[in-house]
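Reviewing the structure listed below.
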DNA sequence: CGCATACCCGTACGAATGCACGGGTAACAC
DNA sequence: GTGTTACCCGTGCATTCGTACGGGTATGCG
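Laid out in structure tokens, this is it:
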């Protein structure tokens, strides 16, 4: 939509620096991609869900009740968080009688686990001002 | 949203698997740590802010108007997003006359940029179901 | 000088989010 | 069979979040 035909003089400077704007726009991800990406990140950006992933990363599987007990949160909150994670494909379930055991999905993104969670804990400590 | 802390989920019979619960709880991050961590992640978990970081990662600095132009979003949305990022310490500003140029903070967490953004774009593509 | 620009900030409002509550289903125990 | 457990799901509500709107400040230009 931009017609950046080399600014003549200057009267209205919408693009102050057309080159940088063009460069940024060229490499920028689309709204759609950003939407998908941030939807994934938003799954980790909740205390309950993040702690669930931590827990399931250390002990391979847990049922809902025990998970709530470990996190010290209500079963409602835990159940809701697990439902979100499951609908996002980040965890899988296994039934055994009345119990439903949850574990991280086999294709759980490793960089998510390693960098966005483990590493960033330290950062979030230091970045505290 | 945050319950103060340490509220045992009352109506619960017994831990089905006490060992795993103990193991999970031993390594689990606290509510506070989770709060700090997810606050940081939440900064990336917004389309406008994520795309701003992308843009500032490719061209070192941009003023607000040009950034809005590159992202094809309103100046209000861009300004608000930049304010959030600045109060989180993720971007810094430089004044030059009327313009205010934004760039990524010098101590911007590298794993955040590399893994949570660049890498995950591909994942969010595949993970589309 | 006055005026337009570039940006900041406070306010308001619609949308989304997280959780509690109540009811429902399947699996044990008796 | 009845009763209890472990979990799911739909609904309602309080809170948070993102953005548009209006007004304000500082800078540059004529």
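Residue numbers (the numbering used here), protein chains in the order written: chain A, 1 to 129; chain B, 1 to 129. Virtual Cβ for every residue (Gly too), placed ideally from N, Cα, C.
| Item | Value |
| --- | --- |
| Own chain residues within Cβ distance below 6 Å of residue 134(A), not counting five before or after | Residue numbering for chain A in the displayed model covers 1 to 129; residue 134(A) lies beyond these limits and cannot be assessed. |
| Members of the stretch 40 to 56 of chain B that neighbour chain A once the beta carbon cut-off is set at 7 Å | 40, 41, 42, 44, 45, 46, 47, 50, 51, 54, 55 |
| Within-7 Å CB hit, residue 106(A) to chain B | no |
| Stretch-stretch touch, CB-based, cutoff 8 Å, three pairs: the stretch 87 to 107 of chain B with the stretch 55 to 63 of chain A | no |
| Alpha carbon of residue 70(B) to alpha carbon of residue 21(A), nearest angstrom | 5 Å |
| Assigned exposure category for residue 68(A) - 16 Cβ within 10 Å defines buried | buried |
| Nearest candidate by alpha-carbon position, reference residue 56(B), set 29(A), 119(A), 94(A) | 29(A) |
| Interface flag, residue 81(A) vs chain B, CB-CB below 7 Å | no |
| Simplified DSSP state of residue 98(B), which is helix, strand or coil | coil |
| Which of helix, strand or coil DSSP assigns to residue 115(B) | helix |
| Minimum Cβ-Cβ distance from residue 4(B) to chain A less than 7 Å | Confidence at residue 4(B) is low in this model, with a pLDDT of 37, below 50, so the placement of that residue should be treated as unreliable; the coordinate-derived value is given next. By this cut-off, residue 4(B) is not an interface position. |
| Option in 78(A), 15(A), 115(A) with minimal Cα separation from residue 51(A) | 78(A) |
| DSSP state of residue 28(A) mapped onto helix, strand, coil | coil |
| Closest by C-alpha distance to residue 144(A), when choosing among 66(B), 121(B), 48(B), 38(B) | No answer is possible for residue 144(A): it lies beyond the span of chain A, which begins at 1 and ends at 129. |
| Proximal residues of chain A, C-beta to C-beta of residue 85(B) below 7 Å | Under the 7 Å cutoff, chain A gives no residues; its nearest Cβ is about 13 Å from residue 85(B). |
| Coarse secondary structure for residue 91(A), derived from DSSP in three states | strand |
| Residues that residue 75(B) contacts on chain A, provided the C-beta gap is smaller than 8 Å | In chain order: nothing, as chain A lies at least about 11 Å away. |
| Within chain A, partners of residue 17(B) - CB distance below 8 Å | 62, 63, 66 |
| Spatial distance of residue 2(B) from residue 73(A) (CA atoms) | Note that residue 2(B) has pLDDT 38, beneath the 50 cutoff, so the model's placement of it is unreliable and the number below is only indicative. The straight-line gap from Cα to Cα measures roughly 10 Å. |
| Unbroken alpha helix (DSSP H) run spanning residue 58(B), endpoints | 47 to 58 |
| Proximal residues of chain B, C-beta to C-beta of residue 58(A) below 7 Å | 23, 24, 27 |
| Between the CA atoms of residue 97(B) and residue 107(A) - distance to the nearest angstrom | 51 Å |
| Contacts of residue 20(B) in chain A (Cβ-Cβ under 7 Å) | 59, 62, 66 |
| Chain-order list of residues whose beta-carbon lies under 8 Å from that of residue 105(A) (same chain, five-residue window excluded) | 89, 90, 91, 92 |
| Euclidean distance between Cα positions of residue 49(A) and residue 76(B) | 31 Å |
| Straight-line gap, residue 84(A) to residue 41(A) (C-alpha atoms, nearest Å) | 13 Å |
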